[in-house]
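First the structure, in the form of structure tokens, and then the observations on it.
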Amino acid sequence: MTRSIFMDSSIRRLPGIGVRREKLFARLGVTTIPALLQYFPRDYEDRSHVVPIGRADLERKEPVLVCGRVGTIQEVRPRRGMTILKVVLHDETGAVEMTWFNQPFKKKQFHTGMTVSAFGRIEWNYGRRQMNTPDVEEGEPQGQGFMPLYGLTDGLRQSDVRKAVRQALTLARTEQDLLPAPCRPTSHSRFPLVEAYEMMHFPKSREEQEKAREQLAYEELFDMQAGLCLRRRREGRRQGIKCGPNGPLLKQFFDQLPFALTRGQTCAFLDIQNDMEGEVPMQRLVQGDVGSGKTVVAALALAKIVENGYQGALMAPTEILASQHYEEFIRLFQGLPVRIALLTGRTGARDRVQLLEDLQSGAVQILIGTHALIQDDVQFAALGLVVTDEQHRFGVRQREALQKKGRAPHTLYMTATPIPRTLTLSLYGDLDISSIRDLPPGRQVVKTYAVGESMRRRIYAFMEKTMKAGQQCYVVCPLVEESENVDLQAATALYDQLRTSVFPRFRCGLVHGKMAGKEKEAVMEAFSRGEIQLLVATSVIEVGVNVPNATIMLIDGAERFGLAQLHQLRGRVGRGSLQAYCILLAKKGSEETRQRLHYMETIHDGFALSEKDLLLRGAGQLFGYAQHGLPDLHAADIIRDVALLSEAREEAASFVNGHGAEEPVLRALKRRFGGSFQKLLNN
Ligand code: ADP
Ligand code: MG
Numbered sequence: 001m002t003r004s005i006f007m008d009s010s011i012r013r014l015p016g017i018g019v020r021r022e023k024l025f026a027r028l029g030v031t032t033i034p035a036l037l038q039y040f041p042r043d044y045e046d047r048s049h050v051v052p053i054g055r056a057d058l059e060r061k062e063p064v065l066v067c068g069r070v071g072t073i074q075e076v077r078p079r080r081g082m083t084i085l086k087v088v089l090h091d092e093t094g095a096v097e098m099t100w101f102n103q104p105f106k107k108k109q110f111h112t113g114m115t116v117s118a119f120g121r122i123e124w125n126y127g128r129r130q131m132n133t134p135d136v137e138e139g140e141p142q143g144q145g146f147m148p149l150y151g152l153t154d155g156l157r158q159s160d161v162r163k164a165v166r167q168a169l170t171l172a173r174t175e176q177d178l179l180p181a182p183c184r185p186t187s188h189s190r191f192p193l194v195e196a197y198e199m200m201h202f203p204k205s206r207e208e209q210e211k212a213r214e215q216l217a218y219e220e221l222f223d224m225q226a227g228l229c230l231r232r233r234r235e236g237r238r239q240g241i242k243c244g245p246n247g248p249l250l251k252q253f254f255d256q257l258p259f260a261l262t263r264g265q266t267c268a269f270l271d272i273q274n275d276m277e278g279e280v281p282m283q284r285l286v287q288g289d290v291g292s293g294k295t296v297v298a299a300l301a302l303a304k305i306v307e308n309g310y311q312g313a314l315m316a317p318t319e320i321l322a323s324q325h326y327e328e329f330i331r332l333f334q335g336l337p338v339r340i341a342l343l344t345g346r347t348g349a350r351d352r353v354q355l356l357e358d359l360q361s362g363a364v365q366i367l368i369g370t371h372a373l374i375q376d377d378v379q380f381a382a383l384g385l386v387v388t389d390e391q392h393r394f395g396v397r398q399r400e401a402l403q404k405k406g407r408a409p410h411t412l413y414m415t416a417t418p419i420p421r422t423l424t425l426s427l428y429g430d431l432d433i434s435s436i437r438d439l440p441p442g443r444q445v446v447k448t449y450a451v452g453e454s455m456r457r458r459i460y461a462f463m464e465k466t467m468k469a470g471q472q473c474y475v476v477c478p479l480v481e482e483s484e485n486v487d488l489q490a491a492t493a494l495y496d497q498l499r500t501s502v503f504p505r506f507r508c509g510l511v512h513g514k515m516a517g518k519e520k521e522a523v524m525e526a527f528s529r530g531e532i533q534l535l536v537a538t539s540v541i542e543v544g545v546n547v548p549n550a551t552i553m554l555i556d557g558a559e560r561f562g563l564a565q566l567h568q569l570r571g572r573v574g575r576g577s578l579q580a581y582c583i584l585l586a587k588k589g590s591e592e593t594r595q596r597l598h599y600m601e602t603i604h605d606g607f608a609l610s611e612k613d614l615l616l617r618g619a620g621q622l623f624g625y626a627q628h629g630l631p632d633l634h635a636a637d638i639i640r641d642v643a644l645l646s647e648a649r650e651e652a653a654s655f656v657n658g659h660g661a662e663e664p665v666l667r668a669l670k671r672r673f674g675g676s677f678q679k680l681l682n683n
């Protein structure tokens with residue numbers, strides 16, 4: 001194996017980068033030459049040709065590139081504390097006056113007679129051509145083409161980054177190791193790597209840049225997918241718990257199920273059944289909108305593992321959810337020979353000891369709980385299935401900690417925050433997906449209206465009428481976000497106002513994040529029993545709470561919430577057969593806000609909404625993306641490049657599964673993505 005003689009790839013190797021610049025670059029997340037080469041421009045300027053100064057079209061608003069000799073240099077001080085630097089630039093066709101305000105240090109950069117190229121917008125001012133604060137470089141224009149625009153930080157100029165990148169590219173021509181290269185050439189590898197990088201930073205045209213970007217994006221995605229395939233292949237090699245076909249326990253479970261499964265639920269369970277009866281451990285994500293009935297699917301999977309002589313665990317993100325699951329399981333398993341237990345942070349010490357004992361002996365077959373499940377002393381006799389509800393609320397680590405309590409147990413993740421179908425397969429390269437796209441019958445669409453402050457009184461009147469008719473309402477308070485305390489104050493104030501002056505004749509309650517778990521639960525339970533008619537809440541209303549008699553969800557300050565969250569909140573109502581309403585009380589906001597609220601009014605399907613959400617917010621915000629330990633992408637855009645992603649996934653899979661060696665793949669991944677992705681793969 002040949003290695004670069006220069007093992008050191010720090011940017012300090014580049015001329016002109018000392019301690020000071022190194023620190024500045026570090027702020028951009030750039031400390032090594034490979035990182036610098038992957039620090040792609042955020043945009044480009046057209047500097048493909050020099051425009052004669054005298055013929056610059058003054059009507060055009062676009063900045064232009066000019067080149068000439070410096071004439072007079074003048075600094076004027078129109079008043080105290082203000083300086084204007086005026087530098088005249090001549091070419092054969094005319095002259096332009098370049099101006100800078102309050103940047104006296106600029107003066108040093110110029111001397112009469114030097115050649116300078118300048119890029120900026122030319123305006124006609126007081127009968128003269130002027131260019132305000134142009135971007136100047138000494139000499140003839142360097143980049144003949146599109147000039148890159150990089151994200152900057154205070155103290156670092158475009159020209160600094162450009163210069164550093166140029167030097168890095170020069171080095172990379174002789175030291176190929178400095179360029180993150182795909183683990184092997186792909187079907188999209190058209191240009192030699194150095195050239196592709198060069199075309200990305202200093203393209204001659206938009207077309208050229210796009211070609212290079214496609215190649216680099218593809219190679220990046222290819223590597224990522226190769227890594228995920230590798231991980232999957234390793235997991236596949238582990239022997240799973242091979243379950244037998246469904247027996248009497250499942251039959252009994254089905255027989256006493258109070259409803260027929262929806263198509264989506266049936267398909268999801270068929271997938272699960274298939275996985276569990278197979279040779280390798282199940283790794284499946286079940287996506288389904290709020291209310292689509294994921295719990296019963298989990299119960300079926302757990303029944304199956306119990307029938308095969310193993311134990312199962314169900315982990316939920318909150319106490320309330322865990323105990324709701326527990327109660328539902330008790331109902332679903334009524335009369336069946338299955339022992340179910342609940343373990344949360346609030347399980348009493350004595351009960352806990354007994355429970356852990358029964359768990360270790362195998363007497364408890366299904367354990368439901370919160371994070372409490374991952375504590376060290378929670379030990380199973382034979383854990384065969386781990387279910388994580390609302391999986392995005394847990395980190396990779398927590399989920400894995402639970403898995404490690406068994407030997408290669410089957411795993412099932414459930415989420416109500418779907419990632420668009422177009423993305424899931426490729427993004428979660430290592431998970432199988434089942435989507436429940438239908439809702440149990442009889443559910444009505446929650447009528448959703450976005451309204452302004454002027455409607456508040458009328459909304460209150462509507463709520464009053466509804467509560468008089470025996471139904472219940474939620475009011476979610478504006479999210480202030482500065483601190484939980486501020487949120488709490490806002491919630492308390494609204495609660496007091498509603499309780500004392502707006503709805504004095506109704507029973508109101510308040511829940512917020514600062515409440516102790518017990519207290520919170522008491523309020524939620526009172527609401528659930530109908531003792532509280534109107535529940536004021538900060539955004540903590542727990543996902544999954546089920547109160548079918550609640551029919552109005554008023555979200556105050558709806559402009560502050562994201563689509564995913566609004567949709568989750570809306571899912572709290574419309575859980576029975578009564579018509580339900582979601583009212584989004586919002587201040588007039590940006591175009592994006594207006595769009596978001598409009599989507600809420602018109603789209604009721606969580607999958608479709610999540611696609612819109614992605615478009616509005618961009619990949620960086622992709623819910624759950626980071627939690628999955630997936631790496632940052634530089635050239636690729638996970639949303640724009642979905643087609644490339646699927647193609648890369650296929651090619652990577654046939655490569656990884658066709659060849660044997662892991663070493664080159666791992667090496668390429670390490671160089672490209674660094675340690676964190678590596679960790680994910682080694683888990
Ligand atoms: P989620 O997918 O949001 O977790 P749940 O599992 O909490 O949804 O189910 C919501 C409600 O729908 C529960 O009250 C559950 O009993 C009910 N339910 C689930 N499946 C069906 C079905 N096939 N038919 C009728 N009701 C169902
Ligand atoms: Mg649920």
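Residue numbers for the sequence shown follow the UniProt record's numbering, so the first one is 1 and each next one is one higher.
Here a beta-carbon is modelled for each residue, glycine too, at the ideal position from N, C-alpha and C.
Note that this is a predicted model, so its numbers are computed, not measured.
DSSP beta-bridge partners of residue i
i: T115; result: R69
i: L149; result: D43
i: R128; result: N125
i: T411; result: Q283 and V386
i: V642; result: In DSSP, V642 forms no bridge with anything.
i: L89; result: V70 and V96
i: L367; result: A313 and A341
i: Q472; result: A550
i: T32; result: S10
i: S434; result: V286
i: D135; result: F119
Residue range of the alpha helix (DSSP H) that includes residue i
i: I555; result: That residue, I555, is in no alpha helix (DSSP H); its beta strand (DSSP E) goes A550 to D556.
i: T295; result: K294 to E307
i: S323; result: E319 to L332
i: G538; result: A quick correction: the sequence has Thr, not Gly, at residue 538. Neither: T538 is in no alpha helix (DSSP H) and is coded neither H nor E.
i: L585; result: L585 -> not in any alpha helix (DSSP H); beta strand (DSSP E) instead, spanning Y581 to L585.
i: V353; result: A349 to S361
Nearest-angstrom Cα separation, counted from residue j out to residue i
i: R79; j: M200; result: 45 Å
i: H598; j: E453; result: 17 Å
i: D637; j: A217; result: 8 Å
i: A564; j: A608; result: 11 Å
i: R397; j: G658; result: 31 Å
i: E559; j: R640; result: 26 Å
i: F254; j: I272; result: 16 Å
i: T115; j: Q103; result: 21 Å
i: A643; j: E663; result: 28 Å
i: V194; j: F146; result: 18 Å
i: S10; j: L431; result: 37 Å
i: L149; j: Q158; result: 7 Å
i: R12; j: C477; result: 51 Å
i: T133; j: R55; result: 20 Å
i: S646; j: A653; result: 11 Å
i: K86; j: D46; result: 25 Å
i: Q403; j: L321; result: 20 Å
i: A313; j: R570; result: 29 Å
i: L250; j: L342; result: 22 Å
i: Q621; j: F561; result: Residue placement at Q621 cannot be trusted, given a pLDDT of 48 that sits under 50; what the coordinates show is reported in the next sentence. Going by the C-alpha atoms only, they are around 14 Å apart.
Outcome for residue i when other beta-carbon atoms lying within 10 angstroms are tallied against a minimum of 16
i: A469; result: exposed
i: H111; result: exposed
i: R596; result: buried
i: V136; result: buried
i: S577; result: exposed
i: H410; result: buried
i: A516; result: exposed
i: Q311; result: buried
Continuous beta strand (DSSP E) stretch holding residue i: start and end
i: F269; result: Note, F269: premise wrong, no beta strand (DSSP E); alpha helix (DSSP H) at R263 to M276.
i: G509; result: C508 to V511
i: A450; result: K447 to V451
i: L597; result: Per DSSP, L597 belongs to no beta strand (DSSP E); it is in the alpha helix (DSSP H), E591 to T602.
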